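Residue numbers (full-length UniProt numbering): 3 to 482. Here a beta-carbon is modelled for each residue, glycine too, at the ideal position from N, C-alpha and C. Predicted model only: the values in this text are computed from it and were never measured. Here's the structure, in structure tokens; my notes come after.
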Ligand code: NBP
């Protein structure tokens, strides 16, 4: 009997996906460049389901029923290209090659186009949830052709996380759309993590709370509208004591955040599309700032304000104010991320359903949260709305939060506690709602030094002022 699907690349992610498939009753062919990993999987987990170990690419392909469906779970980049090249030679028209690694969507577009020429379906698929998610139910974001989803979809939906009985997996759209959405998911994850970290820093810096106390605050928040996986694990981390030193664990971890690149990709793509994803950008830059040891050592003795903790009624209110600032900033970060997905969908003709993206992020993935159901509902009610910020419940929450949000950001500024995420989110909120922006002055400056022209508020046309002439005459330049 042939296997209904195959997984190649059996490091932690691939192995767990293969086990998840087998546990759901699928006969799974398994293959890895280094055969030991394949042997190891079958030895340790063979009893969980039906595995068909294959020790060569040819044997692997021969073990699969048609159309063949192969999930590639190897290191992104050159390794993925090598594996694709190898299998493209062995597969036949109609077969489906799934890249479930963290590929850049532009690579996925290139690979999809090349394989389509050969009659193969290439499905770039985002998978989130880490190794636990891969085993117990990840959030899955498959791109590629609608035709490939007809055979592959039911299987992926089976192994995905479920929320209210609905699978956290849906066809995103053609070619690189799945990997694009996964990339933005990770960008939002950066932003969410940064905002939570800043909230921790504020509670500590402004109130003098210990990490264990802050863990309690977060646990309370986690019972309300901030209910999310990231708040939950943050509370766990903050409550943890280092066994060796007896100190709060968070205090013995080096304060240099690393990154594997998806945040950077999101920011680069945001710049290319011209979409202001400032929350994700600040979160990415905050990680890179933390890593600049030489810079930080040199700047360490720069003057700052005294850090006198808050007292009295403002101290009593502060934790609640931070909750509001965090929530409002989170709404901004998600609004920006969804704006970026919409822009890409228009640019590449992907026709992405934003409500469906929010729905499949409700479970399985790192940013899973109660909040995402509200986003799903907002897009379901009005798919064309220009921004989440103005949609019913979010508008109300932001308007209610804005006083607390401003107060938290001013406290941070006054005490010298860096809050790039919370501050940029508030600046975005004030920027988009401003009736007039100083962009008018920027346009005038551009016209002055570069004759870049401008439009006027009171009449049609494009104009240029002759700044070098004493009388500064204005000319309309868009007509012969
Ligand atoms: P790694 O990213 O560490 O990749 C290891 C796998 O790639 C091994 O199976 C290895 O085979 C294979 N491989 C390499 Br490296 N070069 C190869 C080549 N030239 N030809 C064939 N195979 C090659 O594994 P991972 O952490 O399981 O992640 C897999 C993918 O999933 C990555 O793209 C990752 O970004 C993505 N992802 C990871 C997570 C996570 O939480 N870890 C979450 C979401 C997505 P070998 O055994 O022969 O060396």
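- Proximity of the beta carbon of residue 184 to the ligand NBP is not indicated: no heavy atom of the ligand is located closer than 6 Å.
- Within the same chain, Cβ atoms closer than 8 Å to the Cβ of residue 250 are found at 212, 213, 214, 240, 242, 243 and 244, the five residues on either side in sequence being excluded.
- For residue 53, the closest C-alpha among the options 78, 82 and 20 is that of 20.
- Looking from the CA of residue 132, the closest CA among 109, 115, 163 and 384 belongs to 163.
- In its chain, beyond the 5 residues on either side, 311, 312, 317, 320 and 321 have a beta carbon closer than 8 Å to the beta carbon of residue 209.
- Boundaries around residue 300 are those of the alpha helix (DSSP H), 295 to 301, since no beta strand (DSSP E) includes it.
- Annotation: the region 226 to 274 contains the following complete segments of the alpha helix (DSSP H) (minimum length 4 residues), in chain order: 231 to 241 and 251 to 254.
- In this chain, residue 222 is not harboured by any beta strand (DSSP E); it is covered by the alpha helix (DSSP H) spanning 213 to 223.
- For the ligand NBP, a non-hydrogen atom lies closer than 6 Å to the CB of residue 75.
- Spatial neighbours of residue 326 in its own chain (CB-CB distance under 7 Å, excluding positions within 5 residues in sequence) are listed in chain order as 403, 406 and 407.
- With respect to the 7 Å criterion, residue 290 and residue 427 are not classified as neighbours on the basis of their beta carbons.
- Within the DSSP bridge table, the entry for residue 72 names 8 and 99 as partners.
- The continuous stretches of beta strand (DSSP E) do not include residue 382, which lies in the alpha helix (DSSP H) extending over residues 373 to 383.
- The residue among 42, 168, 186 and 16 with its C-alpha nearest the C-alpha of residue 346 is 186.
- Taking one beta carbon from each stretch, the region 290 to 308 and the region 254 to 271 have 3 or more pairs nearer than 8 Å; the two touch.
- Residue 271 counts as buried, since at least 16 other C-beta atoms from the protein chains shown sit within 10 angstroms of its C-beta.
- Considered as a whole, the region 117 to 197 harbours 123 to 130 and 141 to 144 as its complete beta strand (DSSP E) runs of no fewer than 3 residues, in chain order.
- Cβ-Cβ distances below 7 Å link residue 120 to 90 in the same chain, with the five nearest sequence neighbours on each side left out; the list follows chain order.
- In the three-state reduction of the DSSP assignment, residue 325 falls in the helix class.
- Two segments are said to touch when three or more pairs of C-beta atoms, one from each, lie closer than 8 Å; by this definition the region 187 to 202 touches the region 227 to 238.
- Only residues of its own chain outside the window of five on either side were considered, and among them 433 have a CB closer than 8 Å to the CB of residue 439, listed in chain order.
- Per DSSP, residue 477 is one residue of the beta strand (DSSP E) stretching across 476 to 478.
- Assignment of residue 439 by DSSP, reduced to helix, strand and coil, places it in the coil class.
- Per DSSP, residue 403 is not a residue of any beta strand (DSSP E); the alpha helix (DSSP H) it occupies stretches across 394 to 417.
- Looking at the DSSP output, residue 66 shares a beta bridge with 5.
- In this structure, the alpha-carbon of residue 22 lies about 54 Å from that of residue 308.
- As a beta-bridge residue in DSSP terms, residue 467 pairs with 476.
- For residue 20, the shortest separation between its Cβ and any heavy atom of the ligand NBP does not lie below 6 Å.
- Cα atoms of residue 61 and residue 94: separation of roughly 15 Å, rounded to the nearest angstrom.
- Here the distance from the Cβ of residue 81 to the nearest heavy atom of the ligand NBP is below 6 Å.
- For residue 14, DSSP assigns no beta-bridge partner whatsoever.
- With respect to the 7 Å criterion, residue 129 and residue 140 are classified as neighbours on the basis of their beta carbons.
- With a contact defined as Cβ atoms closer than 8 Å, residue 150 and residue 183 miss out at about 17 Å.
- With a 10 Å radius around the Cβ and a threshold of 16 neighbouring Cβ atoms, residue 31 comes out buried.
- Taking 3 residues as the minimum length, the beta strand (DSSP E) runs contained wholly in the region 36 to 62 are 53 to 55, in order along the chain.
- In the DSSP assignment, residue 84 falls within the unbroken alpha helix (DSSP H) covering 80 to 92.
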